[in-house]
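Here is the structure we will look at.
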Amino acid sequence: MIELRNLTVHYGRAIAVSDVSIAFASGSVNCIIGSNGAGKSTILRTISGLKKPSSGEILFEGEPIQNLSPKAIVERGIAHVPEGRHVFPELTVEENLKIGAYLRSDAAAVKRDLDQICSMFPRLAERRRQYANTLSGGEQQMLAIGRAIMAAPKLVLMDEPSMGLSPVMVAAMADVIRMINKEGKSVLLVEQNANVALSLSEEAAVLEQGRIALRGKAAAMMDDEHVRIAYIGV
Numbered sequence: 001m002i003e004l005r006n007l008t009v010h011y012g013r014a015i016a017v018s019d020v021s022i023a024f025a026s027g028s029v030n031c032i033i034g035s036n037g038a039g040k041s042t043i044l045r046t047i048s049g050l051k052k053p054s055s056g057e058i059l060f061e062g063e064p065i066q067n068l069s070p071k072a073i074v075e076r077g078i079a080h081v082p083e084g085r086h087v088f089p090e091l092t093v094e095e096n097l098k099i100g101a102y103l104r105s106d107a108a109a110v111k112r113d114l115d116q117i118c119s120m121f122p123r124l125a126e127r128r129r130q131y132a133n134t135l136s137g138g139e140q141q142m143l144a145i146g147r148a149i150m151a152a153p154k155l156v157l158m159d160e161p162s163m164g165l166s167p168v169m170v171a172a173m174a175d176v177i178r179m180i181n182k183e184g185k186s187v188l189l190v191e192q193n194a195n196v197a198l199s200l201s202e203e204a205a206v207l208e209q210g211r212i213a214l215r216g217k218a219a220a221m222m223d224d225e226h227v228r229i230a231y232i233g234v
């Protein structure tokens, strides 16, 4: 479904991502793990059109998207849950969710999806008319995920969804990701929390200093000595 071919991305003269080639199939949860500054977020921002690559290709369902606008990429079926959530603080929960559907014209389907998200996230349903800045960190993360789902995506990009959350909320977030995948959406995670990411994923890649250092089945990576020492801490 999503394939990177020799992707290189610069910030000025600095290389953030260098000659990355990797592909993930549709229908599953997959992840890219690595330390802070490895280039994980840059890859997601480049897939979603927020950052343009210096060279290389990004293919989604076999079609190149690296030159498309962020709007066109959303229309193709990719939604991005950014690091730090970036909800609209002075809008209500419901208004934030509806913004996710701004490119959709199917009013009945939008209402159906809004009701489904409120069912999926009871806390959001309880707080539909509260301003987003009154929510806890975990609730804001749920809101950011719900807003992405409102775009009716085929692929959801999630950037550090467990960041800043308590262990209880991290476990709840993992359940949400499984639920989204069960609903038929593919998920690409980038995470520093390798234990969580690998436990959720089918395929995984390790990014180090902007390059792919290791890739394969997530379950096998859980037993890889380098991954366990460097990223899981056991």
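Under full-length UniProt numbering, read the sequence shown as residues 1 to 234, first letter to last.
Note that beta-carbon positions come from the ideal geometry of N, C-alpha and C, so glycine has one too.
1. Between which two residues does the beta strand (DSSP E) harbouring residue 7 extend?
2. Per DSSP, what kind of secondary structure is residue 113 in: helix, strand or coil?
3. Any idea which residues DSSP pairs residue 64 with across the strands?
4. Straight-line CA distance for residue 77 to residue 154?
5. Where in the stretch 140 to 211 do unbroken runs of the beta strand (DSSP E), each at least 3 residues long, occur, reported from the N-terminal end onward?
6. Spatial neighbours of residue 180 within its chain, please: CB distance less than 8 Å, with the 5 preceding and 5 following residues excluded, ordered by chain position.
7. Quick check on residue 131: does DSSP put it in helix, strand or coil?
8. Nearest CA to the CA of residue 235: which residue from 2, 21 and 1?
9. Compute the Euclidean distance between the alpha carbons of residue 166 and residue 43, then round it to the nearest angstrom.
10. Between which two residues does the alpha helix (DSSP H) holding residue 41 run?
11. Hey, quick one: how far does the beta strand (DSSP E) through residue 73 stretch, first residue to last?
12. Looking only at its own chain, which residues have a Cβ that is under 6 Å from the Cβ of residue 136, when we skip the five neighbours before and after it?
13. Give the secondary structure of residue 97 by DSSP, where H, G and I count as helix, E and B as strand, and everything else as coil.
14. Output the boundary residues of the beta strand (DSSP E) element that contains residue 220.
15. Just mark residue 52 as buried or exposed, buried being the case when its beta carbon has 16 or more other beta carbons within 10 Å.
16. Would you verify that the beta carbon of residue 53 is, or is not, closer than 7 Å to some beta carbon of chain C?
17. Measuring straight from C-alpha to C-alpha, what distance separates residue 3 and residue 13?
18. Closest to residue 27 by CA distance: which of 102, 173 and 1 is it?
19. I'd like the span of the beta strand (DSSP E) that includes residue 23, first residue to last.
20. Residue range of the beta strand (DSSP E) that residue 33 falls in?
21. Per DSSP, what kind of secondary structure is residue 215 in: helix, strand or coil?
22. Taking the Cβ atom as the reference point for each residue, do residue 197 and residue 203 lie within a distance shorter than 7 Å?
23. How long is the line joining the alpha carbons of residue 6 and residue 73, rounded to whole angstroms?
24. Looking at C-alpha atoms only, which residue of 69, 143, 57 and 108 is the closest neighbour of residue 99?
25. Ignore the nearest five residues each way along the sequence and tell me which others in residue 117's own chain have a CB closer than 8 Å to its CB.
In short:
1. Residues 2 to 11.
2. Reduced to three states, the DSSP call for residue 113 is helix.
3. Paired residues: 59.
4. Between residue 77 and residue 154, the alpha-carbon positions lie close to 5 Å from each other.
5. 155 to 159, 186 to 191 and 203 to 208, all fully within the stretch 140 to 211.
6. Excluding residues within five positions, the ones whose Cβ falls inside 8 Å are 145, 149, 156 and 187.
7. Residue 131 falls in the strand class under three-state DSSP.
8. Residue 235 falls outside the range modelled here, since the chain spans only 1 to 234, and no answer is possible.
9. Each residue's alpha carbon lies about 26 Å from the other.
10. Element bounds for residue 41: 40 to 47.
11. Where residue 73 is concerned, there is no enclosing beta strand (DSSP E), although the alpha helix (DSSP H) it sits in stretches over 70 to 76.
12. Nothing listed; no residue qualifies.
13. Helix, per DSSP.
14. No beta strand (DSSP E) contains residue 220, which is instead part of the alpha helix (DSSP H) from 218 to 221.
15. Counting Cβ neighbours within 10 Å, residue 52 comes out exposed, since fewer than 16 surround it.
16. No chain C appears in the structure shown, which is made up of a single protein chain.
17. Inter-residue distance for residue 3 and residue 13 is about 25 Å (C-alpha atoms, whole angstroms).
18. For residue 27, the nearest C-alpha among the options comes from 1.
19. Its beta strand (DSSP E) spans residues 14 to 24.
20. 29 to 33 is the span of the beta strand (DSSP E), which, as asked, contains residue 33.
21. Correct three-state label for residue 215: strand.
22. In this structure, residue 197 keeps its C-beta atom at 7 Å or more from the C-beta atom of residue 203.
23. When rounded, the distance between both Cα atoms is 20 Å.
24. Closest option to residue 99, Cα to Cα, is 143.
25. Within the same chain, and ignoring the five residues on either side of residue 117 in sequence, the residues whose Cβ sits closer than 8 Å to its Cβ are 97, 124, 146, 149 and 150.
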